[in-house]
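Encoded as structure tokens, the structure appears first; notes follow it.
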């Protein structure tokens with residue numbers, strides 16, 4: 225069945241450093257790849273997304289890259305700040321549908 | 104309209120009891136989704152609606168689970184004869200009409216504890 229793997233499960237960085245989270249997906253028909261940030265006890269919030277016809281997308285300090293051939297996509301956060309600390313989930317659409325399959329999450333800790 | 108609302112925020116129930124959760128999506132969103140999230144895991148798809156039509160149910164959704172969206176606005180998720188394995192966060196999300204794969208807006212969830 226469809227699967228999304230996410231690495232690493234935890235990531236600790238110093239404030240100002242960059243953080244990279246990687247995901248791989250199994251469904252070659254997936255065409256939509258969002259990233260969600262979930263702070264403790266709060267709802268997942270969409271922070272950036274990318275569609276399969278685009279290789280890279282950037283929004284201020286956050287960027288996502290997609291390699292369709294390798295079925296990889298990554299989240300890059302530059303100039304990290306303590307408020308970036310949260311659990312980040314990648315997701316991939318199940319084919320060309322509205323359903324998403326999520327990765328297992330990465331707990332990012334940014335130390336001042 | 105401040106987003107997707109879910110009620111209750113927390114529910115503790117005894118095994119074997121029935122529970123019902125409510126979700127109020129963003130008013131102009133015609134798609135509504137239910138996901139379940141257990142500790143340390145990402146959300147898992149349960150079911151989704153377009154307007155009042157339930158389009159798909161995951162195999163995770165046993166016969167004890169039923170969801171409705173009677174007027175295409177709010178939705179309810181009922182779990183009958185709850186089991187300890189049903190303990191989880193139940194998340195509702197909605198999305199904007201007119202464009203497939205538009206990002207979800209999640210609610211804050213209902214945390215269910217079955218004792």
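Residue numbers (this note's numbering), protein chains in the order written: chain A, 225 to 336; chain B, 104 to 218.
For every residue, glycine included, the Cβ atom is placed at its ideal position computed from N, Cα and C.
- Under DSSP, residue 291(A) takes part in a beta bridge, and its partners are 296(A).
- Taking 8 Å as the cut-off, the Cβ atoms of residue 213(B) and residue 109(B) count as close.
- Straight across, the Cα-Cα distance linking residue 195(B) with residue 177(B) is about 10 Å.
- Taking a contact to require three or more Cβ pairs closer than 8 Å, the region 174-190 of chain B and the region 117-131 of chain B qualify as touching.
- For residue 173(B), not one C-beta of chain A is nearer than 8 Å to its own C-beta.
- If you draw a straight line from the Cα of residue 270(A) to the Cα of residue 263(A), it comes to about 12 Å.
- By the rule that beta-carbons nearer than 8 Å mark a contact, residue 134(B) touches chain A.
- By the C-beta density criterion, residue 232(A) is exposed, having fewer than 16 other C-beta atoms within 10 angstroms.
- A residue is called buried when at least 16 other Cβ atoms come within 10 angstroms of its Cβ; residue 306(A) does not meet this threshold and is exposed.
- Among the residues facing chain B, residue 324(A) is included, as its CB has a counterpart in that chain under 8 Å away.
- For residue 251(A), no Cβ of chain B is located within less than 8 Å of the residue's own Cβ.
- At a beta-carbon threshold of 9 Å, the residues of chain A lying near residue 148(B) are 318, 323, 324, 325 and 326, ordered along the chain.
- Along the region 231-258 of chain A, the positions whose C-beta sits under 8 Å from a C-beta of chain B are 255, 256 and 258, read in chain order.
- The closest CA to that of residue 172(B), considering only 157(B), 122(B) and 183(B), is found on 157(B).
- Between the alpha carbons of residue 254(A) and residue 165(B) lies a distance of about 26 Å.
- Against chain B, the CB of residue 279(A) has no partner CB under 8 Å away; the residue lies outside that interface.
- The beta-carbon separation of residue 249(A) and residue 316(A), rounded to 4 Å, stays under the 8 Å limit for a contact.
- At a cut-off of 8 Å between C-beta atoms, residue 261(A) does not count as an interface residue with respect to chain B.
- Taking the Cα positions, residue 242(A) is about 6 Å away from residue 304(A).
- Distance between residue 301(A) and residue 321(A), taken at the CA atoms: about 28 Å.
- The Cβ of residue 177(B) sits no closer than 8 Å to any Cβ of chain A.
- Using beta-carbon distances, residue 193(B) does not count as an interface residue toward chain A, since no partner is under 8 Å.
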